[in-house]
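**Q**
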Amino acid sequence: MARSPSAVLSPADRKAALANAKVAAKTAAAAVSASEKAAVAAAKSYAKAQAAADKELIKLKKEADKAKAALDALAPTAAV
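Sequential numbering of the sequence shown, starting at 19, is according to our numbering.
1) How close, in whole Å, do the beta carbons of L27 and A39 come, if the pair is a contact with beta carbons under 8 Å?
2) Just verifying my parser: in three-state terms, what is the DSSP assignment at L27?
3) Would you tell me roughly how many angstroms separate the C-alpha atoms of A61 and K33, rounded to the nearest one?
4) Do you know offhand how far K66's Cα is from A56's?
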C-alpha cells in the first residue's frame, strides 16, 4: 500500500512545504489581482482611444461635407 506524501515528510519538511505553498498561493493571488487591474486599465485605454477616433471621424466627415459644399458652389450646375 502506498504511503501518503505527508507520511513520507518529516514534520520540519512538512512545515517548510506548507510555508512554500502559502507563499506560492499569495504570489498567484497577487498575479491574478495585477492581471485584473491591467485588464481594467486596458479596457479604459481602449474606450478612450475609441472615443478619440470617433471624435476625429466626426471632425473629418464635417470637413469633407464643407469641402463638398464648397466644390458644389464653385462647380456649374448641369442644366436639365
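We put the beta carbon where it would ideally sit given N, CA and C, even for glycine. Predicted model, so just to flag it, every value in this text is computed and none were measured.
**A** Looking at the atomic coordinates:
1) Wrong, their Cβ atoms sit about 12 Å apart, outside the cutoff.
2) coil
3) 42 Å
4) 15 Å
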